[in-house]
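Residue numbers (my numbering): 3 to 104. Just so you know, even glycine gets a beta-carbon here, dropped at the ideal spot from N, CA and C. Please read these numbers as outputs of a predicted model, since none were measured by experiment. First comes the structure, then the notes that go with it.
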């Protein structure tokens with residue numbers, strides 16, 4: 003990741019067709035090293051609360067993930083834990099409505 007950013011510093015801002023950024027992807031695929039690296043960068047403030055086409059922030063994606071250590075994202079001072087997606091759900095709503103709690 004460092005090498006890519008060295009040659010293409012603006013790559014961090016790219017999104018894929020469904021609106022996911024590099025932080026969404028790191029969380030989705032449980033890439034903890036990448037997540038820790040991204041969260042240490044100054045440009046993370048541009049990504050941390052960015053929504054995909056479903057209105058999900060990276061924290062929403064994390065809330066929908068099982069067995070993933072993402073405390074750094076949850077505890078990051080820039081994370082909006084009350085962001086709502088297009089289903090009007092916060093990340094906490096997603097967790098409490100998951101099969102895990104049923």
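{"Item": "To which residues of the same chain is residue 30 closer than 6 Å at the C-beta, ignoring the five residues directly before and after it?", "Value": "63"}
{"Item": "Could you check where the alpha helix (DSSP H) with residue 24 kicks off and where it finishes?", "Value": "24-30"}
{"Item": "Can you tell me whether residue 18 is buried or exposed, with buried defined as 16 or more other CB within 10 angstroms of its CB?", "Value": "exposed"}
{"Item": "Check for me: the alpha helix (DSSP H) holding residue 63 runs from which residue to which?", "Value": "60-65"}
{"Item": "If you draw a straight line from the C-alpha of residue 87 to the C-alpha of residue 45, how long is it?", "Value": "23 Å"}
{"Item": "Under three-state DSSP, which class holds residue 73?", "Value": "helix"}
{"Item": "Anyone know if the C-beta pair for residue 75 and residue 81 falls short of 8 Å?", "Value": "yes"}
{"Item": "So, residue 51 versus residue 59, is the Cβ gap smaller than 8 Å?", "Value": "yes"}
{"Item": "Hey, how far is the Cα of residue 16 from the Cα of residue 61?", "Value": "18 Å"}
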